[in-house]
Amino acid sequence: MDKVGQDGFRLSQALSSIRDGVVVWETGGGKAGKMVVVGDLMPKTLEGQITMEKTPSYFVTKEAPARIYAMSRDTKLIVVVRDPVTRAISDYTQTLSKKPDIPTFESLTFKNRTTGLIDTSWSAVQIGIYAKHLDNWLQFFPMRQILFVSGERLISDPAGELGRVQDFLGLKRIITDKHFYFNQTKGFPCLKKAEGSSKPHCLGKTKGRTHPNIDPEVVQRLRDFYRPFNMKFYQMTGHNFGWD
């Protein structure tokens, strides 16, 4: 769950959440043991509340759907997605901040730049093939139990996008435009008042980093690569995210 969305949920008190993502459905360890961990770490849920847990890598982890389904086939799933090209560059920017000696984005993108063959084994590229990952989830969960939230609209219209989330969860629309203001410095919406605090809450300093300049030809080749996958994703979800 995107940080803006997570903190917005806390305003309504209709959702109880684990503050830090707990990676419990991925590879490694016994399946039964993982289920016990989930139960132990989930907060107590009052009547009228919904408990959530968030870990970004679930959507792209092959084993996650079966394991979550085995625990509860009625689970509702919320996935925040954004333009896969922008997402790949953002992913690279995050890694670059920690490992400044890594190869350039352009060199990592291609198996062979001369032929234009994209390296789909690079995680920054592979994660953005949303249709492929969704195919895996649809083997266990119907589309009516999955909501895809637009990362772009979480910035341009956070209240509207979170309204969709509240509807999906069967909650009253409590989060509205009045809860947000746009921080010109960060370039993101901020909560006017987070729960339990008298101060506004904005995304952390690691968010909104300036992206490196990428060769426009490489960006275009990535757009061409993702286009058919995006079209399939739009068809599968019934929603055009406008990435191309």
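Just so we're aligned: 5 in the UniProt record's numbering is position 5 of the sequence shown, and the numbers increase by one with no gaps anywhere. Backbone N, C-alpha and C fix where the C-beta goes; we use that ideal spot for every residue, glycine too.
Checking the sheet assignment: what are the DSSP bridge partners for residue i?
{"i": "Tyr181", "result": "Cys190"}
{"i": "Leu147", "result": "Ile78"}
{"i": "Asn112", "result": "Leu117"}
{"i": "Ile155", "result": "According to DSSP, Ile155 bridges with nothing at all."}
Applying the 10 Å Cβ sphere with the 16-neighbour rule, what's the burial state of residue i?
{"i": "Asn213", "result": "exposed"}
{"i": "Phe182", "result": "exposed"}
{"i": "Asn112", "result": "exposed"}
{"i": "His211", "result": "exposed"}
{"i": "Gly8", "result": "Low per-residue confidence applies at Gly8: pLDDT is 45, beneath 50, and the placement is therefore not dependable, though the value from the model is reported in the following sentence. Result: buried."}
Report the rounded CA-to-CA distance for residue i versus residue j, giving the unit in angstroms.
{"i": "Ile118", "j": "Pro84", "result": "14 Å"}
{"i": "Asn240", "j": "Asp135", "result": "17 Å"}
{"i": "Ser72", "j": "Gln166", "result": "21 Å"}
{"i": "Pro228", "j": "Tyr234", "result": "10 Å"}
{"i": "Asp224", "j": "Lys186", "result": "30 Å"}
{"i": "Ser107", "j": "Ala124", "result": "13 Å"}
{"i": "Trp243", "j": "Arg67", "result": "31 Å"}
{"i": "Arg144", "j": "Gly238", "result": "11 Å"}
{"i": "Val79", "j": "Lys54", "result": "10 Å"}
Taking the Cβ atom as the reference point for each residue, do residue i and residue j lie within a distance shorter than 8 Å?
{"i": "Thr95", "j": "Ile102", "result": "yes"}
{"i": "Ala159", "j": "Lys232", "result": "no"}
{"i": "Thr109", "j": "Val218", "result": "yes"}
{"i": "Phe148", "j": "Val60", "result": "no"}
{"i": "Pro189", "j": "Ile155", "result": "yes"}
{"i": "Leu46", "j": "Ile146", "result": "no"}
If I'm right that residue i touches residue j with Cβ under 8 Å, what's the distance once you round it to whole angstroms?
{"i": "Phe140", "j": "Pro65", "result": "4 Å"}
{"i": "Glu161", "j": "Arg153", "result": "4 Å"}
{"i": "Arg87", "j": "Ile129", "result": "Not confirmed; about 11 Å, so no contact."}
{"i": "Leu191", "j": "Phe180", "result": "6 Å"}
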